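In this note's numbering, the protein residues as written are 4 to 317.
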């Protein structure tokens, strides 16, 4: 986030930047009391330990202690931790790097940014540790379950113009997906609908109303009962491709959310979501040059289906 001039922002530690919260008006005796109430999943003892270790400071760089009186309208920075965070056994690959951008080919299962139970095992933190660039910020994001291309901005001064590429739909994105084959669908087609939250924090769904999601769908190859599809999203709603494919009766192979939400459990590394952010193309707003990047990764479910089909044929 952009900070007002004169405000202290603690540096990143091992690639992990501090979290920030603004203290609202209120009558909490201490900052510790507020943080304990605001974040019930974090115990008071954990907050005390963070403060003792110097992991909580205010916007002036002054350490916050367990006895620090509460002050409203002040920013507080803190370093969070995920105890015993498991290593995700797949590596991101840097495809491109210059003074403005870093483009990464992300594996399945690796989140782009810290969230929930993921902190150091994210593309952002790994890149900061690997490259030593604390100013990195993703220009766009893809789901943890999705593999493929992600762009990161290096320079805060030019970041807004790269964000604008996406908000103004000046980026051509193509995904690939493995899903069931339906010979009764006339392809290519365009799926246009309204996607909103479905009442569960993990899910989206289509509803009646003004469209806010557009996806172009085409078929690349068919093998037995499965096919490889090219998906070109015009808009960028959360889970748009997964929702649109499921609505077409083409749920993406390995999708644990659509059309049926499966119970959360241990991650099955052998069965990733068969969705890949394959290519991205745009005119660089800084250099004026056409930029095109393509993932080196491939989806395996279609080849596996063909092997099984051949094995079953006498």
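All C-beta atoms in this analysis are idealised placements derived from N, C-alpha and C, irrespective of residue type, glycine included.
Please read these numbers as outputs of a predicted model, since none were measured by experiment.
Beta-carbon contacts of residue 28 that lie in its chain and below 8 Å, excluding the five residues immediately before and after: Within the chain shown, numbered from 1, the residue matching residue 28 stands at position 25. The answer, listed in chain order, is 75 and 76.
Coarse secondary structure for residue 28, derived from DSSP in three states: Within the chain shown, residue 28 is the residue found at index 25, counting from 1. Three-state result, residue 28: coil.
Test item: CB-CB of residue 165 and residue 140 under 7 Å: Here the question's residue 165 lines up with position 162 in the chain shown. Here the question's residue 140 lines up with position 137 in the chain shown. For residue 165 and residue 140, no; Cβs fall outside 7 Å.
Simplified DSSP state of residue 43, which is helix, strand or coil: Taking the chain shown and counting its residues from 1, the one referred to as residue 43 is at position 40. Of the three classes helix, strand and coil, the one that applies to residue 43 here is coil, per DSSP.
Residue 23 versus residue 300 - alpha carbon distance: By one-based count along the chain shown, residue 23 stands at place 20. By one-based count along the chain shown, residue 300 stands at place 297. Cα to Cα, the separation comes out at about 36 Å.
Three-state secondary structure (DSSP) of residue 175: Along the chain shown, one-based indexing puts residue 175 at 172. Correct three-state label for residue 175: strand.
Beta-carbon spacing of residue 59, residue 81 below 7 Å: One-based indexing of the chain shown puts residue 59 at position 56. One-based indexing of the chain shown puts residue 81 at position 78. The Cβ-Cβ distance between residue 59 and residue 81 falls below 7 Å.
Buried versus exposed, by CB contacts within 10 Å (16 or more), residue 20: Counting from 1 along the chain shown, the entry for residue 20 is found at position 17. When all chains shown are included, residue 20 counts as buried.
Nonlocal neighbours in the same chain, by C-beta distance under 8 Å from residue 173, ignoring five residues either side: Here the question's residue 173 lines up with position 170 in the chain shown. So the qualifying residues of the chain are 167, 285 and 286.
Cβ pair count under 8 Å reaching 3, the stretch 241-252 against the stretch 214-222: Short answer: they touch.
Where residue 365 sits in the DSSP three-state scheme: Only positions 4 to 317 of the chain appear in this structure, which leaves residue 365 out of reach.
Residue 154, DSSP secondary structure in three states: On the chain shown, residue 154 is found 151 positions in, with the first residue counted as 1. Looking at residue 154 - three-state DSSP - the assignment turns out to be strand.
Candidates 298, 78 and 36, of which the one nearest residue 179 by Cα: By 1-based counting over the chain shown, the position of residue 179 is 176. The candidate whose alpha carbon is nearest that of residue 179 is 298.
Distance, residue 12 Cα to residue 99 Cα: On the chain shown, position 96 is the one that residue 99 refers to. On the chain shown, position 9 is the one that residue 12 refers to. Each residue's alpha carbon lies about 29 Å from the other.
Extent of the continuous alpha helix (DSSP H) run through residue 170: Position 167 of the chain shown, counting from 1, holds the residue named residue 170. Here the alpha helix (DSSP H) through residue 170 covers 162-170.
Given 8 Å, three or more beta-carbon pairs between the stretch 246-262 and the stretch 192-212: yes
Every unbroken beta strand (DSSP E) inside the stretch 69-104 [3 residues or more]: Qualifying beta strand (DSSP E) stretches, in chain order: 78-81 and 96-100.
DSSP-derived helix/strand/coil call for residue 250: The count along the chain shown starts at 1 and reaches residue 250 at position 247. It is helical.
Cβ pair residue 226, residue 305 closer than 7 Å: As a first step, residue 226 must be located in the chain shown, where it is residue number 223. As a first step, residue 305 must be located in the chain shown, where it is residue number 302. Going by C-beta atoms, residue 226 is nearer than 7 Å to residue 305.
Beta-carbon spacing of residue 106, residue 95 below 7 Å: The residue given as residue 106 occupies position 103 in the chain shown. The residue given as residue 95 occupies position 92 in the chain shown. For residue 106 and residue 95, no; Cβs fall outside 7 Å.
Distance, residue 86 Cα to residue 30 Cα: For this step, residue 30 is matched to residue 27 along the chain shown. For this step, residue 86 is matched to residue 83 along the chain shown. The straight-line gap from Cα to Cα measures roughly 32 Å.
Residue nearest to residue 259 in terms of C-alpha spacing, selected from 36, 270, 150 and 250: Here residue 259 is taken as the residue at index 256 of the chain shown, counted from 1. Selected option, being the one with the closest Cα: 270.
Span separating the alpha-carbon of residue 276 from that of residue 162: Within the chain shown, numbered from 1, the residue matching residue 276 stands at position 273. Within the chain shown, numbered from 1, the residue matching residue 162 stands at position 159. One alpha carbon belongs to residue 276, the other to residue 162, and they sit about 30 Å apart.
Where residue 262 sits in the DSSP three-state scheme: The sequence position of residue 262 within the chain shown is 259, counting from 1. Of the three classes helix, strand and coil, the one that applies to residue 262 here is coil, per DSSP.
Span of the beta strand (DSSP E) around residue 278: Here residue 278 refers to the residue found at position 275 when the chain shown is read from its first residue. Per DSSP, residue 278 belongs to the beta strand (DSSP E) from 278-286.
Three-state class that DSSP yields for residue 271 in the structure shown: To locate residue 271, count along the chain shown from 1; it is residue 268. Coil.
contact_flag[the stretch 149-158, the stretch 109-122] where n(CB pairs < 8 Å) is 3 or more: yes
Rounded Cβ spacing between residue 67 and residue 39 (contact assumed at less than 8 Å): As a first step, residue 67 is located in the chain shown; it is residue number 64 there, counting from the start. As a first step, residue 39 is located in the chain shown; it is residue number 36 there, counting from the start. Going by Cβ atoms, the distance from residue 67 to residue 39 rounds to 13 Å, so no, they are not a contact pair.
Where residue 359 falls: helix, strand or coil (DSSP): Because the chain in this structure spans residues 4 to 317, residue 359 falls outside the shown range and cannot be described.
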